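*Asks:* Listed in order, the protein sequences are those of chains A and B. With the working numbering applied, the first sequence has no gaps in its numbers, which climb one by one up to 118 at the end. With the working numbering applied, the second sequence has no gaps in its numbers, which climb one by one up to 1817 at the end. Glycine included, every Cβ here is placed at the ideal spot set by N, Cα and C. Quantities reported herein were computed from a predicted structural model and do not represent experimental measurements.
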Amino acid sequence: MSDDTNHADTQHTLHPLKKIEIIVRGEKEPFVKDLLDESTVSGYTIHHNVTGRGEHGFHEGRLLFNDRDGLVMFFAVGQEEAIQTIVDGLTPLFEKSSGVMFVSDTQVVRLDKFQQED
Amino acid sequence: MPIDRSVVRARIENAAEYVGPLWPLQTFNAANPLLGFEDQPFDRAVQKAGQLFGGRGYPGPTVFRQAWENGEIDADVLTRHLAEHGITERPEVLLDRMDADAAGRDAVPADQPLDRVLTKWLAAFLDQGQAAWPMPNRADGFYAAWRTVAPYDGDIPGVDRPSDLPGTVVEAFEAVLESYPEARWEPIFVHHLTALPGWTGFIKWRSRRADTAWQAAHPISLTEYLAVRLTLADRMGAAIAPDRTDELPTNGTDQPVLPRIWLRAWEESYRTRLLDDLRQTQQTPPSAADAGRPDAQLVFCIDTRSEVIRRHIEQQGPYETHGYAGFFGVPMQHQPYGTEARVKSCPPIVDPKHRILERPAEPHRAQADRYDWWARLQKAGTTLLKTLKKNVAAVFGFVEGSGGFFGAAMAARTLAPSGLSRLDEALDDWLPGPASFCEPTVDRAPPADAEAEEGLPVGLADEAKVLYAEAAFRLMGWTDSFAPVVVFTGHGSQTPNNPYKASLDCGACAGNPGGPNARVLAAICNEDAVQEALRERGIAIPDDTVFLAGQHNTTTDEITLFVDADDPPVAPDALDRLRRDLHAAQADAATERVRTLNTSVDEGRPAAAVRETERRAADWAETRPEWGLAGNAAFIVGPRALTRGLDLDGRCFLHSYDWATDDDGTALENIMTGPLVVGEWINTQYYFSTVDNAAYGSGSKVTQNVVGKLGVVQGNGGDLMSGLPLQSLKADDEHVHHRPLRLMALIQAPTDRVEAILDRHAAVAHLFDHEWMHLTVMDPEQDDAFVHYQPGGGWHARPAPDASTATRAPASAGRPS
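1. Along chain B, which residues have their Cβ under 7 Å away from the Cβ of A:His56?
2. From the beta carbon of B:Pro1348, is the nearest beta carbon of chain C less than 9 Å away?
3. Does A:Lys18 have its Cβ less than 9 Å from a Cβ in chain B?
4. Would you give the residue range spanned by the beta strand (DSSP E) that B:Thr1320 belongs to?
5. Going by DSSP, which residues form a beta bridge with A:Asp100?
6. Is the Cβ of A:Arg110 closer than 9 Å to any Cβ of chain B?
7. Quick check on DSSP: helix, strand or coil for B:Trp1861?
8. For B:Pro1166, I'd like the list of residues in its chain whose CB is within less than 7 Å of its CB, leaving aside the five on either flank, ordered along the chain.
9. For A:Thr13 and A:Phe102, I'd like the C-alpha separation in whole angstroms.
10. I'd like to know whether the C-beta of B:Leu1219 is nearer than 9 Å to at least one C-beta of chain A.
11. With B:Leu1654 as the anchor, note down where its beta strand (DSSP E) starts and where it stops.
12. By a C-beta neighbour count over all protein chains shown, 10 Å radius and 16 as the cutoff for buried, is B:Ala1045 buried or exposed?
13. Work out the CA separation of B:Ser1207 and B:Pro1219 for me, nearest whole Å.
14. Using a Cβ cut-off of 9 Å (strictly closer), state whether B:Ala1452 contacts chain A.
15. If you run the structure through DSSP and keep just helix, strand and coil, what is B:Ile1671?
16. For the candidate residues B:Thr1690, B:Leu1729 and B:Thr1673, whose alpha-carbon lies nearest to that of B:Arg1760?
17. Can you say whether B:Gln1283 is buried or exposed, counting buried as having 16 or more other CB atoms within 10 angstroms of its CB?
18. At the level of alpha carbons, what is the spacing between B:Phe1488 and B:Gly1514?
19. Would you call the region 76-88 of chain A and the region 39-50 of chain A touching, i.e. three or more CB-CB distances under 8 Å?
20. With 9 Å as the threshold, decide whether the Cβ of B:Asp1096 is near any Cβ in chain A.
21. Go through its chain and collect everything with a Cβ distance to B:Asp1277's Cβ below 6 Å, but skip five positions before and after it.
22. Let's test the definition: count the other Cβ atoms within 10 Å of the Cβ of B:Arg1593 and tell me whether it reaches 16, buried, or not, exposed.
23. Output yes if chain A places a C-beta closer than 9 Å to the C-beta of B:Thr1673; else output no.
24. Helix, strand or coil for B:Gln1112, going by three-state DSSP, please let me know.
25. Can you round the beta-carbon distance between B:Pro1132 and B:Lys1344 to whole angstroms, since I take them to be within the 8 Å contact cut?
26. Just to confirm, are A:Leu90 and B:Ala1010 a CB contact at a threshold of 9 Å?
27. Pull up the distance between the alpha-carbon of B:Gln1315 and that of B:Ala1123, whole angstroms please.
28. Chain A beta carbons: is any one of them nearer than 9 Å to that of B:Ser1306?
29. Strictly below 9 Å CB to CB, what residues from chain A border B:Val1677?
30. Starting from B:Gln1130, follow the beta strand (DSSP E) in both directions and report where the run begins and ends.
31. Using 8 Å as the Cβ pair cut-off and three pairs as the minimum, do the region 1421-1437 of chain B and the region 1309-1326 of chain B touch?
32. CA-CA distance, B:Thr1253 and B:Gln1051?
33. If you check the beta carbons only, do A:Ile20 and A:Val87 fall under 9 Å apart?
34. Let me see if you follow: with CB-CB separation under 9 Å, is A:Ile86 close to chain B or not?
35. Can you list, in chain order, the residues of its chain with a C-beta nearer than 7 Å to that of B:Gly1699? Leave out the 5 residues immediately preceding and following it.
36. If we cut at 9 Å on Cβ distances, does B:Glu1186 have a partner in chain A?
This is how it looks when you write it as structure tokens:
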């Protein structure tokens, strides 16, 4: 994890946070959304119709008449504790359902945007 | 012991996989009751489901005996399948053995006090407008509302006040789960969710995707259900973690071998005969009448019922028919005229993207005003009647005074349903309904209006219009040869006093009639800008082609065309001819269908057959207005030329497709991932409702009661029944009408194209790999040879009539699984 970094030329300060990326089948979208809504991350992004290959084979994203079998990707940024809660909620899910999650270090400029909500 | 809420929720999510979603009656959607098991091979899945729900996974011996005696199972095929398992006894002996094995299986489940108490409160909480006196505090959620009233329930011991119960959902879980490690939570949840799969299936639907006003006003989730159930179990001394919940059902070795073999032999027999018929049709040269420009082309839903009427329309003259998903590719929510109700009108696997309202067309404003005046009067009358019926003081005097009138009305409905139906029609002629003066709002609302509307955008953007119109013609492989009249024909049933009406309406429209979607696509296709855009994309619509919308009444086979009577867009004589031929096709189709409906109608009198179907459509005591999709067995993807002239007995979904106009396979990909999956849902629902109606169906209509305006129960309580009623599946107590076969998909396309699509769509490939349905390809690049997909990948050629074993096809590249 990198420390706060000062760039003399821009004067922007980067603050370290954690990022989680989650890919699940479309039918699990409500579950993950609820989990993120109840966590302390301040927001998240959803990509629908994600394409890719996983353990169970290939999943093509762009389906005209099927919103259920497509893949959905979420990503969210927050404090380590908030991300850990999300990981705790997803770990049991992936014992039964297909899907993946990745947690990594990231940095943001406007830390107040990612502060915990009350 | 503090528990991690997110972990509990994830364990519940996993456990809920075993419960299929259950839609409310108004939007009854066919779905596989074992949807959560589709990631497993069929044979293992039905065994596991049998352990959880007590349901049978294969047809019973009576059903096999009927098929055997009717000659539906080829002796040669059966003998070969049996021999592969080393079984050499005669089929009759094996049927007797299956009879003996089945004896005593249908034990009546024990009455569980826990279930009785819980279903009482579930029915009260989930009520969607049936109860005159609703349960209090529902806005607080199921657990909180139940906790408030539980002290008044004499069946729950030791609860004198709400504070005797855990204060919150989390505390309820903590109180019950504290003595169990996390590893045991999931089996506990599975046990308690599958104890009432009907109610939990409904909660799953309502809490996950439904987004209904009822859910917003009275929230419930499976977590709240489990909090109440586990607390109740604790108080009532019922088991929290019964003996067998240490682990989920495992793969046993006592699989029912004989029924499995018989089912496969039956399926292969059906497939072989169908493919033989198709081969014969291929060898018949097209007649000269097929060469010219047809008078009209009619596009029907892929629904199996369309096959019958299409065949009879084609026999009337120069008509062509096509098959396309009955929501006509428009993922919309429909708001009928004069109501606030917003109805989803697209398949269960598609989310609506647009809202379509019905608005009076300007030239018909006066007609709309007249209708509105009478509608307001009728509404006031209905409200007054409801008040009088439900008001404690008024009800006695009301019954006294009005009993004679209601008695006479009841007698008339029972003794003369057809007469009342004609009266209804006369009233409709006198005061035409909204369909005669409304048009769908296909255009995007101006920004000012759009802001005022909630939810989905009203109307369609120009790009969306072109997208849906192009998708329709591309998927059907129809890029030229347009007739002067093209009719998009949705379908709906006509049946009074029938909680299962939605199951007879269009499955691709979420259990609603498909007419509104047909009107939207017709309106789009009539727009000059859309036609111009389509021509630029290579879809050559002539200037003189007019698109109309219509609706096929599947109970009577009548087809209504939605045409402005004051300003018809088609020449009157052409319209008259079309209507006359549709009327003649109705008589022929009705004659064919009444033969299967246990009637004594004289087959030589088509008018009598039509009258019989009209009686069924009007009779409030009729338990079988029509057969719905009973009999469905195959899903054929290919041009109509493949099946034209063939009597498929209303058993095939027909989706038009032309492999030659779909080089990159996009159209086929959308058919296989959309309509074909919906076909599999419908087929599995009919299959399981037939093989075990008590576990996966809904029993006899005679003893059903509607609860909460959302579902039915048998008798006066218990679990919600989830599947189809007996009268939709069986001809009588002994004989099934629906033959429970897994869906056979037949696609005319190059094998490598189909293979590439399976490679890109693991979810679809799994349905074939796990044998939830079968796949046969008719490969036009190999002289239309039939090749069969092998579970796990690879292809087999069809066994030749004189061969006893299958041979490898030339193009049998194995697909990694």
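*Replies:* Concretely, from the data shown:
1. Using a Cβ-Cβ cut-off of 7 Å, A:His56 is close to Ala1762 of chain B, given in chain order.
2. No chain C appears in the structure shown, which is made up of the protein chains A and B.
3. So, not an interface residue.
4. Checking the displayed sequence, the identity of residue 1320 of chain B turns out to be Glu instead of Thr. Element bounds for B:Glu1320: Tyr1319 to Tyr1324.
5. It should be noted that the sequence gives Val, not Asp, for residue 100 of chain A. A:Val100 is bridged to A:Ile23.
6. Judged by the 9 Å Cβ criterion, A:Arg110 is not in contact with chain B.
7. Beyond the ends of chain B as shown, which are 1001 and 1817, falls residue 1861 of chain B; an answer cannot be given.
8. Ala1172, Ala1175 and Thr1231
9. The straight-line gap from Cα to Cα measures roughly 25 Å.
10. Here residue 1219 of chain B is Pro; the residue named in the question, Leu, does not match the sequence. B:Pro1219 does not count as touching chain A.
11. It spans Cys1652 to His1655 - the beta strand (DSSP E) in which B:Leu1654 sits, taken as one unbroken run.
12. buried
13. Cα to Cα, the separation comes out at about 8 Å.
14. The predicted model places B:Ala1452 with a pLDDT of 48, which falls under 50 and marks its position as unreliable; any figure quoted below should be read in that light. It does not; no Cβ of chain A falls within 9 Å.
15. helix
16. B:Thr1673
17. exposed
18. 10 Å
19. Put simply, the region 76-88 of chain A touches the region 39-50 of chain A. At least three CB pairs are less than 8 Å apart.
20. no
21. Leu1646
22. buried
23. yes
24. Coil.
25. One detail in the question is off: residue 1132 of chain B reads as Ala in this sequence, not Pro. Contact between B:Ala1132 and B:Lys1344 fails: their C-beta atoms lie close to 28 Å from each other, not under 8 Å.
26. yes
27. The straight-line gap from Cα to Cα measures roughly 51 Å.
28. In terms of beta-carbon proximity, B:Ser1306 stays away from the interface with chain A, with every pair separated by 9 Å or more.
29. Phe65, Asn66, Arg68 and Asp69
30. First-last for B:Gln1130: undefined, no H or E at that position.
31. Fewer than three Cβ pairs drawn from the region 1421-1437 of chain B and the region 1309-1326 of chain B lie within less than 8 Å of each other, which leaves the two stretches out of contact.
32. Reliability fails at B:Thr1253, whose pLDDT of 39 lies under 50, so the model's placement of it is uncertain and no value is given.
33. yes
34. yes
35. Spatial neighbours of B:Gly1699 in its own chain (CB-CB distance under 7 Å, excluding positions within 5 residues in sequence) are listed in chain order as Asn1693, Gln1714, Met1721, Pro1725 and Leu1726.
36. yes
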